[in-house]
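Enquirer: Residues in the sequence shown are numbered consecutively from 1, following the working numbering.
No residue lacks a Cβ here, since even glycine has one placed at the ideal position from N, Cα and C.
Quick one: the structure is below, and I'll ask about it shortly.
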Amino acid sequence: MEFESVYNLNNFLSFIHEFIEQFKAGPKIGDYSYKRGKEIPDLYGSSDILMTLYAINELKLTENQRLEWIKRLQTFQDPKTGWFKEAETLHFKEHSTAYCIAALNLIGGKPAFPLKFMKKMNTKRKLWRWLRWQLWSLIWSTSHRGPGVAAALAMTGEAPAGWFDWFFEWCNKKVDPKTGYWRLGFIHKLGMISKDEMAGAFHFYYIYEYFKHPLPYPKQIVDWTLRLQHNNGLWDKNVPYCIDLDGVYSLARASKAANNYRKRDVERALEKTLHTIVTCLNDKEFLFKNYRNSHRLVGALAAVAEIQDYMPDRLDTPKKWRNQLDYAPYI
1 MEFESVYNLN NFLSFIHEFI EQFKAGPKIG DYSYKRGKEI PDLYGSSDIL
51 MTLYAINELK LTENQRLEWI KRLQTFQDPK TGWFKEAETL HFKEHSTAYC
101 IAALNLIGGK PAFPLKFMKK MNTKRKLWRW LRWQLWSLIW STSHRGPGVA
151 AALAMTGEAP AGWFDWFFEW CNKKVDPKTG YWRLGFIHKL GMISKDEMAG
201 AFHFYYIYEY FKHPLPYPKQ IVDWTLRLQH NNGLWDKNVP YCIDLDGVYS
251 LARASKAANN YRKRDVERAL EKTLHTIVTC LNDKEFLFKN YRNSHRLVGA
301 LAAVAEIQDY MPDRLDTPKK WRNQLDYAPY I
């Protein structure tokens with residue numbers, strides 16, 4: 001792989017609005033759908049497009065448009081429970097809730113109703129019992145749940161006193177010292193370490209970072225995340241998506257937390273990731289063919305923003321891209 005001295009996404013920026021337009025699902029500012037060609041706005045479509053525009057620093061809203069988009073996102077909440085509802089994806093309700101609250105947070109909004117579901121986990125005993133009974137053998141998807149609730153509470157301020165102390169105590173007790181990942185289910189006790197554990201751990205890391213809580217075993221996080229990266233710079237196959245944000249974020253934040261541990265190796269790894277993502281996104285045919293819903297692109301863009309924060313001299317954009325996770329800790 002031959003690196004460029006400085007990368008750009010000029011081609012991508014020239015057709016991103018055409019890409020976004022495929023998901024328009026109504027006349028109002030926040031009316032977007034998860035799938036192309038739908039006529040009814042949904043939670044992921046509206047949230048995804050907002051996050052896409054936020055990442056590339058092109059979210060330009062008048063005050064009326066901002067309030068209108070907030071109102072659209074608020075319609076997805078169930079007033080009886082506080083959960084946000086969606087039907088287009090297979091995400092857990094904890095993901096849908098934290099994700100939509102994050103989108104609201106990016107434009108200065110809040111849920112319209114209180115998070116009443118918190119009553120089921122508003123003491124240390126209730127929270128730990130709830131965490132214990134999650135399906136941890138499916139760590140990648142299950143990790144959306146605990147950090148999802150934590151993120152929702154962080155962004156709304158609805159956590160009872162001591163709640164985050166209980167949460168971090170549980171996390172620190174359960175993390176694997178060998179990897180810095182959470183390997184809690186039966187399948188993870190068999191010894192194999194895969195991208196699933198890394199991707200699952202990422203959802204905890206941004207909660208740690210948001211609260212400036214020390215990452216557990218940062219050197220081990222770097223070692224294993226480097227080991228799991230493929231030669232093309234990605235952590236799955238050949239289409240950049242959320243798992244590549246997981247890898248990029250884990251490397252960048254853990255290396256910094258460990259006094260720039262393996263800094264040159266991390267830089268080399270992120271150069272590979274940036275090279276592949278830029279190559280893919282600047283190819284219009286590739287973009288339209290491989291990103292068939294509104295959600296898949298969001299993680300790739302966030303990965304670019306994280307790399308630009310870590311190595312600002314390697315990516316030249318008209319405006320600096322924005323990293324949402326330090327402000328709205330869920331994605």
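Going by the CB atoms, is the gap between residue 293 and residue 44 shorter than 9 Å?
Expert: Result yes, Cβ atoms of residue 44 and residue 293 sit closer than 9 Å.
Enquirer: What residue does the alpha helix (DSSP H) around residue 145 start on, and which one ends it?
Expert: Segment 145 to 156, the alpha helix (DSSP H) holding residue 145.
Enquirer: Look up residue 105 in the DSSP assignment and say whether it is helix, strand or coil.
Expert: It is helical.
Enquirer: Enumerated in chain order, which unbroken segments of the alpha helix (DSSP H) with a length of 4 residues or greater are wholly contained in the segment 61 to 95?
Expert: Segments of the alpha helix (DSSP H) lying fully in the segment 61 to 95: 63 to 74.
Enquirer: Does the Cβ-Cβ distance between residue 50 and residue 73 come in under 9 Å?
Expert: Their beta carbons are under 9 Å apart, which means residue 50 touches residue 73 by this criterion.
Enquirer: Quick one: give me the first and last residue of the alpha helix (DSSP H) that residue 268 is part of.
Expert: Unbroken alpha helix (DSSP H) run through residue 268: 263 to 281.
Enquirer: Rounding to the nearest angstrom, what Cα-Cα distance links residue 21 and residue 270 in this structure?
Expert: Their Cα atoms are separated by approximately 31 Å.
Enquirer: Between the segment 222 to 235 and the segment 268 to 288, are three or more C-beta pairs nearer than 8 Å?
Expert: The answer is yes - the segment 268 to 288 touches the segment 222 to 235, with three or more Cβ pairs under 8 Å.
Enquirer: By DSSP's criteria, residue 7 is part of a beta bridge. Which residues make up the other side?
Expert: Paired residues: 315.
Enquirer: Quick check on residue 38: does DSSP put it in helix, strand or coil?
Expert: Coil.
Enquirer: Does the distance from the C-beta atom of residue 154 to that of residue 312 stay below 9 Å?
Expert: Not in contact: residue 154 and residue 312 (Cβ atoms no closer than 9 Å).
Enquirer: Would you say residue 274 and residue 7 are within 9 Å of each other, going by their C-beta atoms?
Expert: Yes. Within cutoff.
Enquirer: Any idea what DSSP makes of residue 24, helix, strand or coil?
Expert: Correct three-state label for residue 24: strand.
Enquirer: So what does residue 32 bridge to, in DSSP terms?
Expert: DSSP, once it has assigned bridges, lists 24 as partnering residue 32.
Enquirer: Please classify residue 290: does DSSP put it in a helix, a strand, or coil?
Expert: Residue 290 falls in the helix class under three-state DSSP.
Enquirer: Rounding to the nearest angstrom, what Cα-Cα distance links residue 48 and residue 221 in this structure?
Expert: When rounded, the distance between both Cα atoms is 28 Å.
Enquirer: Alpha carbon to alpha carbon, how far is residue 347 from residue 2?
Expert: Nothing can be reported for residue 347: it is not among the residues displayed for the chain, which extend from 1 to 331.
Enquirer: Grouping DSSP H, G and I as helix and E and B as strand, with all else coil, what is residue 133?
Expert: Three-state result, residue 133: coil.
Enquirer: Compute the Euclidean distance between the alpha carbons of residue 196 and residue 59, then round it to the nearest angstrom.
Expert: For residue 196 and residue 59, the distance between alpha carbons rounds to 32 Å.
Enquirer: Tell me whether residue 110 sits in a helix, a strand or coil according to DSSP, three-state version.
Expert: Here residue 110 sits in coil by DSSP.
Enquirer: Taking residue 309 as the reference, which of 92, 249, 283 has the closest Cα?
Expert: For residue 309, the nearest C-alpha among the options comes from 249.
Enquirer: Of the residues 218, 276, 209, 214, which one's Cα is nearest the Cα of residue 237?
Expert: Selected option, being the one with the closest Cα: 276.
Enquirer: Are the Cβ atoms of residue 321 and residue 10 separated by less than 9 Å?
Expert: It is not a contact, given that the beta carbons lie outside the stated cut-off.
Enquirer: Say whether the segment 174 to 184 touches the segment 110 to 130, bearing in mind that this needs 3 or more beta-carbon pairs closer than 8 Å, one atom from each stretch.
Expert: Cβ pair count under 8 Å is below three, so no.
Enquirer: Tell me the residue span of the alpha helix (DSSP H) that contains residue 209.
Expert: Here the alpha helix (DSSP H) through residue 209 covers 195 to 210.
Enquirer: Use the C-beta contact count for residue 318: other C-beta atoms within 10 angstroms, 16 or more gives buried, fewer gives exposed.
Expert: Label assigned to residue 318: exposed.
Enquirer: Do residue 181 and residue 200 count as a contact pair if the criterion is CB distance below 9 Å?
Expert: Taking 9 Å as the Cβ cut-off, residue 200 and residue 181 qualify as a contacting pair.
Enquirer: May I ask which residues mark the beginning and end of the alpha helix (DSSP H) holding residue 238?
Expert: Premise fails: residue 238 is in no alpha helix (DSSP H) and is neither H nor E.
Enquirer: Can you have a look at residue 264 and say buried or exposed, based on whether 16 or more other CB atoms are within 10 angstroms of its CB?
Expert: Label assigned to residue 264: exposed.
Enquirer: Find the nearest neighbour of residue 303 within the set 285, 283, 289, 331, judged by alpha-carbon distance.
Expert: Of 285, 283, 289, 331, the residue nearest in Cα terms is 331.
Enquirer: Helix, strand or coil, according to DSSP, for residue 248 in the structure here?
Expert: Of the three classes helix, strand and coil, the one that applies to residue 248 here is helix, per DSSP.
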